[in-house]
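Asker: Just so you know, the sequence shown maps onto residues 1 to 151 in our numbering.
Sharing a structure here in structure tokens format.
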Amino acid sequence: MNTALAALVAGGLLTGGCASSRSGTNFSRDEALRSQRTYYGVIESVTEGKIEGTKTGIGTVAGGVLGGVAGHSVGGGSGKDIATVGGALAGAVVGSIAEELTTREKAYSLTVKLDDGRVFTVVQNADTPFVPGQRVKVLETEANRMRVQVQ
1 MNTALAALVA GGLLTGGCAS SRSGTNFSRD EALRSQRTYY GVIESVTEGK IEGTKTGIGT
61 VAGGVLGGVA GHSVGGGSGK DIATVGGALA GAVVGSIAEE LTTREKAYSL TVKLDDGRVF
121 TVVQNADTPF VPGQRVKVLE TEANRMRVQV Q
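Pasting the structure below:
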């Protein structure tokens, strides 16, 4: 059981390490020391939503291991084998769902009208609150990734 717990903890750490930045204020290593185009504008609308969680397979594997260990502790003989396989399958399904749910992020869909008249919408995580009418700064990378920040 300690092995299964270690696998689950390792899986959680690996999953957390795979999370990418969808924030207005956190930057990836690739964005450091690179120029970004800067625009100014006003928030026209804010819609709350969610960014789906990751589906890396780590939750599936960790859940399968835990389910298999739990199933193996039930019954005896061929019943133990069936319980092990059944536990592994059920654990894999639950682990996959758990990974997606625990890595899901609250997000905003922000419609911004730039000072030059252009309008666009960006989805980013909800680490900073925005309200319609609020002045904002918009950063655009060479890869056409945009983020909205409070001005």
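No residue lacks a Cβ here, since even glycine has one placed at the ideal position from N, Cα and C.
Could you have a look at E142 and say whether DSSP puts it in helix, strand or coil?
Answerer: Looking at E142 - three-state DSSP - the assignment turns out to be coil, as it is neither helix nor strand.
Asker: Mind the definition here: the region 117-137 touches the region 76-86 only if three or more C-beta pairs lie below 8 angstroms; say whether that holds.
Answerer: As far as the Cβ criterion goes, the region 117-137 does not touch the region 76-86, which means the pair count is below three.
Asker: Just to check my reading of the structure: G64 and A88 have Cβ atoms closer than 8 angstroms, yes? What is that Cβ distance to the nearest angstrom?
Answerer: G64 to A88, Cβ: 5 angstroms. Contact.
Asker: If we ignore side chains and look at the alpha-carbon of each, how far apart do S109 and K55 end up?
Answerer: About 22 angstroms.
Asker: For the region 84-121, which segments carrying the beta strand (DSSP E) assignment without a break, of at least 3 residues, lie completely within its bounds, in sequence order?
Answerer: Here the runs fully enclosed are 105-114.
Asker: Taking 7 angstroms as the threshold (C-beta atoms), are V136 and Q151 in contact?
Answerer: Their beta carbons are under 7 angstroms apart, which means Q151 touches V136 by this criterion.
Asker: DSSP on S78, reduced to helix/strand/coil?
Answerer: Helix, per DSSP.
Asker: Which same chain residues, not among the five before or five after S35, have their C-beta less than 7 angstroms away from its C-beta?
Answerer: So no residue of the chain qualifies.
Asker: How long is the line joining the alpha carbons of D116 and D127, rounded to whole angstroms?
Answerer: In a straight line, the C-alpha of D116 is about 27 angstroms away from that of D127.
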